[in-house]
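Sequential numbering from 6 applies to the sequence shown in my numbering.
Built from N, CA and C at the ideal position, the CB exists for glycine as well.
Here the structure is a predicted model, which means the values were calculated and not measured.
The next block holds one structure in the form of C-alpha cells; read it before the comments.
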Amino acid sequence: MLRTIRFYGDDRAITRAWDDLQGLHCCGVTGYDDWRQHRIGGIIPSSCCQEINGKKQPCNLRFQASLQIYNTGCLNVTTAFMKDHATTFGTVGIAVSLFLLFGLAFSCALFMMIV
C-alpha cells in the first residue's frame, strides 16, 4: 500500500482506489502522516478530509489542520472490516462454490446423456 502513495494523482486507477478506500473514513496506510513521508509535496488528498454536515472540510493545507483529517489508517479499518464481515464473505464463497459444483454435476450428466 505504501508503494502506491507516490503514484497518487499520476495513475488514475491508483488515485481512484485510494479515494474509494479513504471513503471508509481513514487516511493513509497507518495514518495521515504516510502522505507526508511517501509523497512528494506532502499534500494529502481531499478524500482524507472529514465531512461535517455533509461538506468536506478543507484540509489540504500541508498537515496544518490535523483535526479535519481522518486519523485512522486504512490498514486498520480494512482489517477490522474484514474481521467483522468474515462470516458473510465465507458464506458467500461457499454458496458460490456449491453453485459451481452443482453446475458441473449437471453438465457432466448432460454430457453422459449425449454420449
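Roughly how many whole angstroms lie between the Cα atoms of residue i and residue j?
| i | j | result |
| --- | --- | --- |
| G59 | A100 | 38 Å |
| K61 | S102 | 42 Å |
| G28 | C53 | 8 Å |
| A91 | L7 | 25 Å |
| M117 | L105 | 18 Å |
| S51 | T35 | 17 Å |
| G46 | V97 | 43 Å |
Where does residue i sit, in a helix, a strand or coil, going by DSSP?
| i | result |
| --- | --- |
| I45 | coil |
| C54 | strand |
Our contact map puts residue i next to residue j with C-beta atoms below 8 Å; I'd like the distance itself, whole angstroms only.
| i | j | result |
| --- | --- | --- |
| H30 | Y75 | 5 Å |
What residue does the alpha helix (DSSP H) around residue i start on, and which one ends it?
| i | result |
| --- | --- |
| R8 | 7-10 |
| V139 | Absent from the structure is residue 139, since the part of the chain shown begins at 6 and ends at 120. |
| T20 | 17-26 |
Considering only the alpha carbon of each residue, which of the options lies closest to residue i?
| i | options | result |
| --- | --- | --- |
| C64 | A85, M87, V82, W40 | W40 |
| E56 | R17, L80, Y37, L72 | L72 |
| I48 | R17, I10, A114 | I10 |
| C32 | C79, A18, D25, I19 | C79 |
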